[in-house]
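Report on the structure given below.
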Amino acid sequence: MAEVLDAETVRAELEGLDGWSGDPAGIGRTVELPGFREAIDVVDRVAVVAEKLDHHPDIDIRWRTVTFRCVTHAVGGVTRRDIELARRIDETVRGAA
6 MAEVLDAETV
16 RAELEGLDGW
26 SGDPAGIGRT
36 VELPGFREAI
46 DVVDRVAVVA
56 EKLDHHPDID
66 IRWRTVTFRC
76 VTHAVGGVTR
86 RDIELARRID
96 ETVRGAA
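Using our numbering, you'd call the opening residue of the sequence shown number 6 and step up by one each time.
Take a look at the structure:
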């Protein structure tokens, strides 16, 4: 089973991610897209990535604003899988810009 990352490791990993914040309990990022349709398109693309990784973020959609939260619920904290998912979400968001 995956191990929860310590606070120092999470902090170091977040430095390399665009707009992410958090701690060992969970990491998150909020993005604003041009409109609702674009927000849904990004969520659809993230869903494809999440299925491939077999690791799924919590997603909140408010008109054109999307918040992603990553945590490995099975272990109650952030693992390497969450960091990888966050990187892939960043790639997806950049591709939509």
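Note that beta-carbon positions come from the ideal geometry of N, C-alpha and C, so glycine has one too.
- Under DSSP, I64 takes part in a beta bridge, and its partners are F73.
- Annotation for V83: no alpha helix (DSSP H) segment contains it, and DSSP assigns it neither H nor E.
- Beta-bridge analysis with DSSP links E37 to T70.
- The criterion of a C-beta distance shorter than 8 Å is not satisfied by V47 and L58.
- By the CB criterion at 8 Å, V54 and R99 fall outside the cutoff.
- Taking C-alpha positions only, V76 is separated from A30 by approximately 7 Å.
- Secondary structure of G27 (DSSP, three-state): strand.
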